[in-house]
Each structure stands twice: as structure tokens, then as C-alpha cells.
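Colleague: Here the protein sequences come in this chain order: A and B.
Sequential numbering of the first sequence, starting at 1, is according to our numbering.
Sequential numbering of the second sequence, starting at 1001, is according to our numbering.
Don't be surprised by glycine CBs; every beta carbon is placed ideally from N, CA and C.
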Amino acid sequence: DSGVTQTPKHLITATGQRVTLRCSPRSGDLSVYWYQQSLDQGLQFLIQYYNGEERAKGNILERFSAQQFPDLHSELNLSSLELGDSALYFCASSEDPAGELFFGEGSRLTVL
Amino acid sequence: KDQVFQPSTVASSEGAVVEIFCNHSVSNAYNFFWYLHFPGCAPRLLVKGSKPSQQGRYNMTYERFSSSLLILQVREADAAVYYCAVECENTGFQKLVFGTGTRLLVSP
């Protein structure tokens, strides 16, 4: 158990809809990262937060947004969903911006 | 473009030593990370560093632009996806660039 919790584990929705994925980092970790893993793709970095502030952005679409709350949990919002957004979304946390990443088990999103 | 390259699949037999190779084109890279991912579980770190290192049955080689993960006495239970990642610094922050993962197949 990495200590990182993601909900929901599975989510099925329709195109055009909006979903929110939630992540609780390990206790004490200030950095939260979001990654997307599509079929036959590696882990694509989306965005990083450190202590409530956006730290770095990767290949995150404008339809996607995220935030980190004062209690350090994070949410990834995906809107106007398309079929191609179907993927496994991982959250990871670390003590500091450059520390070892601890991953959650992922949220599998299926867009029909 | 910052990219990490690794084979999509590696096959082996039980008891052998398996090598999974990784190289990259990442600017300002200084660390390799190797993660293990069983489907349905969280990826977890096996070994990391900027020099050759070992953690149990896992050995990591290090060159500036490449690394290999060596799994000693491989078992069927080692069948999983192995991710190579490179840590680098860019515009003042550290980030990990992941490869697409190598699926290890182990036959009895």
C-alpha cells in the first residue's frame, strides 16, 4: 500500500460529460502529480501541485483542470469528454517537488 | 523533444537474468528511476539513481543516456510492466519523463 488513495477506481460516462477524479496523497506529502496512461502509451505527465500551488504543467488539455486543496488532496476535472479521454489516470505524491513518487492504484475512465 | 525509449516487450524463462534497456533524449537528465506496475495496482519504485545500484534481485546500470534494469533469477510472478523514467530539471523544477513501459513475459 503506497498510502495514496484515488477515487473512483472505475468510472464509465458518455461523451460530452464532465467527471472529477480525487486523490489523497500520502500523509505529509506536499506534492501531487497527475498522470494519464492511455492504451499502449506510457505515463504521460499532466500536472503537478506543490502545497496548493500549481508547480508544473505537462500535456494537459484545456478541457482538463486540477487543483490542490488546503488539506492537500487534489482533484482532476475532465470536461467535454471525448472517446480518446478513456484512460487510466494515476495520481502520485512525494514529500518535495523532487522526491520519489508514490503512486495510487489509478482511476480507470471509460468514455462511451 | 524529451523522450524515454524502452522495448515494448521482453520475454524470458524462469531462472534467467533479464535485462530491460532504456535510453533517452532528455535534456539535463541526472537520475534514472525504474518502476514496477502490476495491472490494477499502483506502480512502485524498484530502484533509482545516478550510478549503478542494487535492490535485492534488481540491479540498475547507469550511463549518461541509458540504463538497464537487470532482474536476477526471474520468476513467473515478475511478469508485469516495467517503466523507466528519467529525472531532469527544466525551467527551475524537477520532473520525471516516463517511457512507454516494457511488458515482461516469463515462461516456466
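Please list, in chain order, the residues of the stretch 1072-1101 of chain B that have any C-beta partner in chain A closer than 7 Å.
Modeller: Per Cβ criterion, the list reads Tyr-1083, Phe-1093, Gln-1094, Lys-1095, Leu-1096, Phe-1098, Gly-1099, Thr-1100, Gly-1101.
Colleague: Just list the residues that DSSP pairs Arg-1103/B with in beta bridges.
Modeller: Thr-1009/B, Val-1081/B, per the DSSP bridge assignment.
Colleague: Look at the alpha carbon of Gly-16/A and the alpha carbon of Gly-28/A, and state the distance between them as a whole number of angstroms.
Modeller: The alpha-carbon atoms of Gly-16/A and Gly-28/A are separated by roughly 36 Å.
Colleague: Note down, in chain order, each residue of its chain lying with its Cβ closer than 6 Å to the Cβ of Pro-1043/B, except the 5 sequence neighbours on either side.
Modeller: Cβ neighbours of Pro-1043/B beyond the five flanking positions: Tyr-1035, His-1037.
Colleague: Give the DSSP bridge partners of Lys-1048/B, in chain order.
Modeller: Per DSSP, Phe-1033/B.
Colleague: For chain B, find out if any of its Cβ atoms is closer than 8 Å to the Cβ of Gln-41/A; answer yes or no.
Modeller: It does; some Cβ of chain B falls within 8 Å.
Colleague: Is Leu-72/A helix, strand or coil when you go by DSSP?
Modeller: Of the three classes helix, strand and coil, the one that applies to Leu-72/A here is coil, per DSSP.
Colleague: Report buried or exposed for Tyr-1030/B, applying the criterion of at least 16 other Cβ atoms within 10 angstroms of its Cβ.
Modeller: Tyr-1030/B should be labelled exposed.
Colleague: Any idea if Gly-1101/B is buried or exposed, counting beta-carbon neighbours within 10 angstroms, 16 or more meaning buried?
Modeller: Buried, by the Cβ-count rule.
Colleague: Any Cβ of chain B within less than 8 Å of the Cβ of Leu-83/A?
Modeller: It does not; no Cβ of chain B falls within 8 Å.
Colleague: Mapping DSSP to helix, strand and coil, what is Leu-83/A?
Modeller: Reduced to three states, the DSSP call for Leu-83/A is helix.
Colleague: Does the structure place the stretch 28-38 of chain A close enough to the stretch 61-75 of chain A that three or more beta carbon pairs sit under 8 Å?
Modeller: As far as the Cβ criterion goes, the stretch 61-75 of chain A touches the stretch 28-38 of chain A, which means the pair count is three or higher.
Colleague: So the beta strand (DSSP E) Tyr-123/A belongs to, where does it begin and stop?
Modeller: Nothing in the structure corresponds to residue 123/A, since chain A is present only between 1 and 112.
Colleague: Output yes or no for whether 8 Å exceeds the beta carbon distance between Phe-1021/B and Gly-42/A.
Modeller: Not a contact, by the Cβ cut-off of 8 Å.
Colleague: Within the continuous beta strand (DSSP E) that includes Lys-57/A, where are the two ends?
Modeller: Looking at the DSSP string, the run of the beta strand (DSSP E) that includes Lys-57/A is 53-57.
Colleague: In chain B, which residues lie with their C-beta within 8 Å of the C-beta of Ala-2/A?
Modeller: The residue you asked about is not Ala; residue 2/A is Ser in the sequence shown. Result: Ala-1042, Arg-1044.
Colleague: For Asp-96/A, does the count of other Cβ atoms within 10 angstroms reach 16, so buried, or fall short, so exposed?
Modeller: When all chains shown are included, Asp-96/A counts as exposed.
Colleague: Find out if the Cβ-Cβ distance for the pair Glu-100/A, Leu-1045/B is shorter than 8 Å.
Modeller: For Glu-100/A and Leu-1045/B, yes; Cβs fall inside 8 Å.
Colleague: Go ahead and label Glu-62/A buried or exposed: buried means 16 or more other beta carbons lie within 10 angstroms of its beta carbon, across all protein chains shown.
Modeller: The residue in question, Glu-62/A, is exposed, as its Cβ has fewer than 16 Cβ neighbours within 10 Å.
Colleague: Indicate whether Arg-1075/B and Glu-1019/B have their beta-carbon atoms separated by less than 8 Å.
Modeller: Going by C-beta atoms, Arg-1075/B is not nearer than 8 Å to Glu-1019/B.
Colleague: Is it true that the CB of Phe-1005/B sits closer than 8 Å to the CB of Asn-1023/B?
Modeller: A contact, by the Cβ cut-off of 8 Å.
Colleague: Just the Cα atoms here: how many angstroms apart are Tyr-50/A and Thr-5/A?
Modeller: For Tyr-50/A and Thr-5/A, the distance between alpha carbons rounds to 17 Å.
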